[in-house]
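Here the sequence shown is numbered in the UniProt record's numbering, starting from 1 and rising by one per residue. Working notes, beginning with the structure itself.
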Amino acid sequence: MFERLFPRRKPDPKPLPQPTPQLALGALLVRVALADRTYRAAEVGQIDRILAQTFGLKPIEAAKLRATCEALERHAPGTPEFAQILREEVPYEDRKALGDAMWSVALADGARDDDEEIQLLAIETALGLSDADMTAAREKALNAL
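Okay, structure coming up:
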């Protein structure tokens, strides 16, 4: 009876880790997938594959990393802060590859969405990619559709 009147408070959630390049990339991939306000299994799978390939992780490890990135994306800094971490730590050619990876997440559900494309443009710009490289990544992704 007292439980209904005085329910136990839920413990405070674990503090989020400080963003690292690995977490920043994952959070940005999640942010792209959520831009259209849906989060489909195809997008989740693509994020897991990208994280596994990029960081040499096993599937379970990639899924755990993605789960941490999902929490970080919800509660952590905005796109410019994540992108700044990547700009400082990741060479330009690798950032170009990140742009390609983000396009693959955006199109993993087989549909183009203006909100995802706007989010992608903001991320690519924040990553410091050139207009030519952003255009090439977009055309490459759309041609693969």
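Note that the Cβ used here is the ideal one computed from N, Cα and C, for glycine as well.
If you draw a straight line from the Cα of Pro91 to the Cα of Leu142, it is about 25 Å long. Boundaries of the alpha helix (DSSP H) harbouring Ser104: 92-106, taken from the DSSP string. Around Val30, the same chain offers Cys69, Glu70, Glu73 as residues with beta carbons nearer than 6 Å, after the five sequence neighbours per side are excluded. Here Ala62 has Asp48, Leu51, Ala52 as same chain residues with Cβ atoms under 7 Å from its own Cβ, once five neighbours each way along the sequence are excluded. Ala41 carries a helical assignment under DSSP once its states are collapsed to helix, strand and coil. Taking all protein chains shown into account, Ile123 has 16 or more neighbouring C-beta atoms within 10 Å of its C-beta and is therefore buried. The alpha-carbon separation between Glu93 and Thr20 amounts to approximately 19 Å. Secondary structure note for Arg138: its alpha helix (DSSP H) is the uninterrupted segment 131-144.
By a beta-carbon distance limit of 8 Å, Ala35 does not contact Ala83. Their separation comes to about 15 Å. For a cut-off of 8 Å, the C-beta gap from Gly26 to Leu57 is around 11 Å, too long to register as a contact. Under a 10 Å Cβ-count criterion, Arg112 is classified as exposed, with fewer than 16 other Cβ atoms of the shown protein chains found around its own Cβ. Between the C-alpha atoms of Ile60 and Val44 there is a straight-line separation of about 13 Å. Excluding residues up to 5 positions away in sequence, Val32, Met102, Trp103, Ala106 lie with their Cβ nearer than 7 Å to the Cβ of Leu120 in the same chain.
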